[in-house]
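To start, the structure itself, in structure tokens.
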Amino acid sequence: MPSLTAKPIALAAFATLMLGTAPLTADDHTTDHSVPSPIASVDAQADRTARVAQELWEYAELGYLETRSSGLMQAELEGEGFRIEVGIAEIPTAFVAEWGEGGPVIAILAEMDALPGINQSGSASRDMVDGKGAGHACGHNLFGAGSLTAAIAVKHWLEATGTPGRVRLYGTPAEEGGSGKVYMTRAGMFDDVDVAIHWHADDVNSAAARTSLANRSAKFRFSGVSAHAAGAPERGRSALDGAEAMNMMANMMHEHMPQDARMHYVITSGGNAPNVVPDFAEVFYYVRHPDPDGVEQIWARLEDAARGAALGTGTQVEWEVIHGNNPLLVNETLARAMHANLEMVGGVEYTPAEREWAEELQQSLGDAALPLESAAQIQPYNRSLGYGSTDVGDVSWATPTVGVRAASWVPGTSAHSWQAVAASGHSIGHKGAQVAAKAMALMAVELFTNPEMRAAARAEFDAARGEDYVYRSLLGDRDPPLDYRQ
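Counting in the working numbering, the sequence shown runs without a single skipped number right up to 543 at its last residue.
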């Protein structure tokens, strides 16, 4: 791994700088007082991380509706002296907070939206919360809080050392099916960024170079003719029949799709009473593939299925593309450096009380449960294909991007589960956010002080995109769907 600074420093000095506080010389871009290490700064903010994460967890706001969540993070950053621009890319809850002057510009991404249709208390056993229609089943409350802490730690380091450059935190709404970062990318918000850093909650600690699937979604809306289902069935044309016919054909398509492709749906509206032929039905589809062109090819077949379903049932159909994400463009120069930083930080250590809570939760995981000790371990570095999708993918085609995952959930937990909601609102989740914050802060400091690493990452990025690369989003030129969760 390249050295921390442009000038080589001894290993002992490197460790001291990162893990403790050390008086540095003017050649190290510092003043005449001790410089707080990024790790010490993150540790000092543990209460803030837990408080912000828990407030976001309680809010559990859906995509593009994260008014309180966005406001909370903005207030914390404003209190630390960040300059804040709100409502970027025509998204009211999106913001950019920046501290510093000159370059380079290191971005840290912060998510905040919850998932609909799932909720859970902080209990280690299934315990739904009455009246709460959403939950942080993907840990974005931790994502937002951990990134906030990392950005503030980097600000403290920049301020103490006098290092030129800007740390910029992006408040990015609606990752879950709303593609908030795609609209921000499309608006050029990352054009002057040298490197973007992100993280995600997980049940392991990893900085593997893992790409993702490109994907696109749309709501297919069928219109029919209502009638009395028993008294005048011949007069009706069921919109639900149209949706179900489309689903039947889509399910048959699964047999004839590439192995790494994915397609899934939910019926969001199908009528209200069995004795009324429904004149409206809606089905919400996702299509995924490792390559954007693969998504396009499957998508064309899905549109044909919708048209055929409408024709065969005497209904009409139209659709609205809701979101579309490009796959992650991995950067191994940065990924290997992040892995080294994560190894320096270490994983999550449970207290006896946390272990007892985790053991109770693991009873619901069955054969998926993993040894609790794995939360303290760092997974080996590798390069692989991930089957999820994220709008970070579009950011990664605009600027070199690197990510890290921290064991914020009990080992064996799947994302988008009630177990993930529970851990995301527990001290175990807060500790995972602290691990991620430390790794990200270390990575940012390394990037500020190591121009050779920035240059190598940019060269790899340029080569991977190719000379003729032109950015293309999978959602076209549509405006942000600010009402897609309403």
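The beta carbon of each residue, even a glycine, is placed where N, CA and C say it ideally should be.
Remember, it's a predicted structure, so these values are computed and weren't measured experimentally.
Asked	Found
Does T268 come out as helix, strand or coil in the three-state DSSP assignment?	strand
Please classify G299 as buried or exposed, where buried requires at least 16 other C-beta atoms within 10 Å of its C-beta.	buried
Could you tell me which residues DSSP puts in a beta bridge with L226?	A154, I165
Thinking C-alpha only, which one of V323, W475, Y343 is nearest L297?	V323
Less than 6 Å between C-beta atoms, sequence neighbours within five positions excluded: which residues of the same chain meet that for A244?	A146
To the nearest angstrom, how far is the alpha carbon of M395 from that of V282?	58 Å
For the pair the region 378-396 and the region 305-320, tell me if three or more CB-CB distances fall below 8 Å.	no
Take T458 as the anchor and find which of H313, W256, L134, L122 has the nearest alpha-carbon.	W256
What runs of the beta strand (DSSP E), each 3 residues or longer, lie entirely inside the region 402-472?	440-442, 458-464
Taking the C-alpha atoms as reference points, what is the distance between R440 and R267?	6 Å
Looking at I435 and S465, is the spacing between their C-beta atoms short of 8 Å?	no
Rounded C-beta distance between L166 and Y227? I'm assuming under 8 Å.	5 Å
Just to confirm the assignment, what range does the alpha helix (DSSP H) spanning F518 have?	508-522
Is it right to say H321 is buried, meaning 16 or more other beta carbons lie within 10 angstroms of its own, or is it exposed?	exposed
Which residues share a DSSP beta bridge with M185?	For M185, which the question treats as bridged, DSSP gives no partner whatsoever.
Go to V211, then tell me how far its alpha helix (DSSP H) extends in each direction, as first and last residue.	197-218
Okay, do the region 423-431 and the region 210-225 touch, 3+ Cβ pairs below 8 Å being the bar?	no
Within a Cβ cutoff of 6 Å, which residues of the same chain sit near D187, ignoring the five residues on either side of it in sequence?	none
Can you look up D259 in the DSSP assignment and give me helix, strand or coil?	strand
Return yes when the Cβ of A289 is within less than 8 Å of the Cβ of A332, no when it is not.	The sequence shown places Asn at residue 332, not Ala. No; because the gap between Cβ atoms is not below 8 Å, this pair is not in contact.
Starting from the C-beta of K495, find all residues in its chain whose C-beta is less than 6 Å away, skip the five residues before and the five after it, and write them out in chain order.	I96, V99, V402
Say the cut is 7 Å; is the CB of V461 nearer than that to a heavy atom of the ligand ATP?	With respect to small molecules bound, the structure shown includes none, and the ligand ATP cannot be examined in it.
Any beta carbon of chain C sitting closer than 8 Å to that of L297?	Looking for chain C here will not work: only one protein chain is present.
Using CA atoms only, rank isn't needed, just tell me which of G523, D525, R515, M130 is closest to D249.	R515
Identify the residues that DSSP records as bridge partners of Q373: which are they?	S280
Just how far apart, CA to CA, sit G138 and F200?	21 Å
Would DSSP call E133 helix, strand or coil?	helix
Could you check the C-alpha separation between T73 and V492 for me, to the nearest Å?	Bear in mind that a pLDDT of 46 at T73, under 50, signals an unreliable position, so the number given afterwards is only what the model happens to contain. Cα-Cα distance, rounded: 18 Å.
Could you tell me which residues DSSP puts in a beta bridge with I324?	V340
Given that a residue counts as buried once 16 or more other Cβ atoms are within 10 Å of its Cβ, and exposed if not, what is Y528?	exposed
What is the DSSP secondary structure of V527, counted as helix, strand or coil?	coil
Kindly identify the DSSP beta-bridge partner or partners of R243.	Note: R243 sits in no beta bridge, so no partner.
For A202, which residues in the same chain have their Cβ closer than 6 Å to its Cβ, ignoring the five residues on either side in sequence?	T106, V109, A110, A490
Go ahead and pull the three-state DSSP assignment for N383.	coil
For A520, tell me which candidate among L418, S421, T456 has the shortest Cα-Cα distance.	T456
Under the three-state reduction of DSSP, which class applies to G299: helix, strand or coil?	helix
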